[in-house]
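J.:
Numbering (our numbering), first residue to last: 361 to 1078.
#1: Are residue 957 and residue 990 touching if we call contact CB-CB under 8 Å?
#2: Leaving aside the five residues before and after residue 376 along the sequence, list all residues of the same chain whose C-beta is less than 7 Å from its C-beta, in chain order.
#3: Could you tell me the distance, in whole angstroms, from the CA atom of residue 997 to the CA atom of residue 666?
#4: Give me the DSSP bridge partner(s) of residue 432.
#5: So, for residue 862: in the same chain, excluding its five sequence neighbours on each side, which residues have a beta-carbon less than 6 Å away from its beta-carbon?
#6: Where does residue 1072 sit, in a helix, a strand or coil, going by DSSP?
#7: I'd like the ranges of any alpha helix (DSSP H) spanning at least 4 consecutive residues and lying wholly in the stretch 960-1013.
#8: Measure from the alpha carbon of residue 898 to the alpha carbon of each residue in 838, 913 and 962, then state which is nearest.
#9: Measure from the alpha carbon of residue 721 to the alpha carbon of each residue in 367, 1033, 1053 and 366, then state which is nearest.
#10: In angstroms, rounded to a whole number, what distance separates the CA positions of residue 896 and residue 887?
#11: Whose CA, out of 381, 580, 644 and 498, lies closest to the CA of residue 1023?
#12: Taking C-alpha atoms, which residue in 392, 923 and 1058 lies nearest to residue 593?
#13: Does residue 425 come out as helix, strand or coil in the three-state DSSP assignment?
#14: Would you mind sorting residue 573 into buried or exposed? The rule is 16 or more other CB atoms within 10 Å of its CB.
#15: Start and end of the alpha helix (DSSP H) containing residue 803?
#16: Helix, strand or coil, according to DSSP, for residue 925 in the structure here?
#17: Are residue 587 and residue 384 closer than 8 Å when you measure CB to CB?
#18: For residue 812, which of helix, strand or coil comes out of DSSP?
#19: Nearest to residue 517 by alpha carbon, out of 1050, 859 and 975?
#20: Do residue 790 and residue 813 have their C-beta atoms within less than 8 Å of each other?
#21: Just the C-alpha distance for residue 1146 and residue 1029, rounded to the nearest angstrom, thanks.
#22: Tell me residue 822's beta-bridge partners as DSSP assigns them.
#23: So, is residue 371 buried or exposed, given that buried needs 16 or more other C-beta atoms within 10 angstroms?
#24: Taking the alpha-carbon positions, what's the residue 400 to residue 983 distance?
#25: To the nearest angstrom, how far is the alpha carbon of residue 792 from that of residue 815?
#26: To the nearest angstrom, how far is it from the Cα of residue 889 to the Cα of residue 959?
#27: Taking buried to mean at least 16 other C-beta atoms within 10 Å of its own C-beta, is residue 632 buried or exposed?
#28: Do residue 540 and residue 1003 have their beta-carbon atoms positioned less than 8 Å apart in this structure?
#29: Just to check my reading of the structure: residue 568 and residue 463 have Cβ atoms closer than 8 Å, yes? What is that Cβ distance to the nearest angstrom?
#30: So, do the stretch 749-769 and the stretch 525-540 have three or more beta carbon pairs nearer to each other than 8 Å?
#31: If I measure Cβ to Cβ from residue 621 and keep anything under 6 Å in the same chain, skipping five residues before and after, which residues do I get?
#32: Starting from residue 784, follow its DSSP beta bridges and name the residues at the other end.
#33: Rounded to a whole number of angstroms, what is the C-alpha to C-alpha distance between residue 1035 and residue 1027?
#34: Does the beta-carbon of residue 765 have 16 or more other beta-carbons within 10 angstroms, so that it is buried, or is it exposed?
#35: Could you have a look at residue 473 and say whether DSSP puts it in helix, strand or coil?
#36: Between residue 744 and residue 915, which are expected to be in contact by the criterion C-beta below 8 Å, what is the C-beta distance as a whole number of angstroms?
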């Protein structure tokens, strides 16, 4: 198939490029602006008690259960008539928004908890109508615009925090691109050895990004997608484009050095590097796509976006990039300084005297010690992971300049605490009924209850009890309070919602879906690596090494973001925990990317072994021919995705830095040291498979070489 594809591309290269340009223009026209059709973060599971309680209340009351906006007005002494008029003016402006169901202020409720300790500030709470998240996000943005310039009003609350996070994502996306592209270009010039070749990764990456944006725009018509997936698409699209471009261009140059530029070099490049790219993209896509099992919008959006961008990047690398190589021919090496030209010639004729060959020989002479040292190092790095703690994404992840964070901190320190984030207890009985009074009495006797507000009617048959805890939301005491309320025996429906209940349900939902997701990731890795190598042990070894690498990454993230190291350098304030979704996301992407580089290395090792090299020699040849390329790809990928560590949103920092660390650890400790040492220890057992599986592989697996094409000769071993 790849041979026929190469022949077609060689004959129709310019037409292929014309079609690619046309598709890119269409994708750009319809794909840009996709963020306007995407929803906020999204960490809820519709099957959990907190969400069901919310929906029950909303259906009965016609409004959201939690306040969407908290507007703090700091206009002076709250006893002043002028201040009262100002607050009433603010309330009137808030009620003017069509999606607002109700607004409550101190002057209507006379609740002293709505007055600051210095009595110079008060707040109004805004409840939205039950509307889709995207519609509420747009409503919050309109209210923000309405109050822009009114310096005595600070807006916060869940919907404002979501709107500001969405805006921050856009700024961070642009900033990361501006920061990463110059470095990527300079590093590409160094690694690709010519100006023309160095322009290929940004070109392929840009095409992958805009085409994925178009795909997400279409998908958003059928399901809610999180806007945060766009960050992932940008980093992954550029990173995978770099990887695949390096794989293809380096192999094309290597084949051209033997057979000359033309069809034969293109065929061999597609049969070898193209096959590697195909397996790599399928592995990455399968690993990341496993996230669609989760019902949380943030995770399933990442799964959809990651799978799409991996497949799009691979398609471009298998079709558009070969068309570029066919059209350019020897001009792929054009506009290169002589020093880089000489380096490119050396790269195209790898020998057994190179640094990576010598490193492999160094490792294989002492495989046991190297394997033990590398494993011990990875385990040591992963030890902090055993003490990991989790939080959810709230206003606290926003930068200090965001009004939602300022309001969140003001409510915690300037007002009676925890009144705007109570446990929302929905009771299936009328507000004045004996059942509601009985439930209220039982809750009041529980430890860590501060105040229970009078029951609010929600239609004729439901009531809401707002239970303010003594401790802050998400504290251990408040979590236990949620559990205690849920355990109350009652003859009527009792459901607990609110921030802390939602977080407990998030943890439970993630745990309930985790086993099947991990099973899918492992199964995809094992199956695809088996199809590539015909071995059972190599895929299992890859899974174990990926697990070690992942634990090391998570351990480092705990040291940085949970323990608060490098706060000044990375410009963040530690919350003492990590976002609960990050380990799961990093597991999926880490396994996919680690297997990406593993496929490239193993394919060259297998190619050398099939050519007659011994097991040790095949490992050394494979590392020599891939070491520089894998390292270059990892560095470029780390720059592309690691640029998101400059984000002002803490969990985006975690995502960017964690993915970059996963790539760098895999390309260095795993590929350069642990893989050669373990393969030396296993020897011929590396390629073992039960006889039925061996026959299966022989039947459906594809060999590196194809009839009619002369394999690249091994370098002289003299």
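Heads up, the beta-carbon is just placed ideally off N, CA and C, and yes, glycines get one too.
T.: This is what the structure holds:
#1: yes
#2: 369, 679, 680 and 683
#3: 15 Å
#4: 483 and 514
#5: 410
#6: Legend: pLDDT at residue 1072 = 40, less than 50; position of this residue unreliable, value from coordinates given subsequently. Three-state result, residue 1072: coil.
#7: 975-1002
#8: 962
#9: 1033
#10: 9 Å
#11: 644
#12: 392
#13: coil
#14: buried
#15: 794-804
#16: coil
#17: no
#18: strand
#19: 859
#20: no
#21: With the chain covering only 361 through 1078, there is no way to say anything about residue 1146.
#22: 818
#23: exposed
#24: 44 Å
#25: 8 Å
#26: 7 Å
#27: buried
#28: yes
#29: Residue 568 to residue 463, Cβ: 46 Å. No contact.
#30: yes
#31: 689 and 690
#32: 826 and 857
#33: 10 Å
#34: buried
#35: helix
#36: 4 Å
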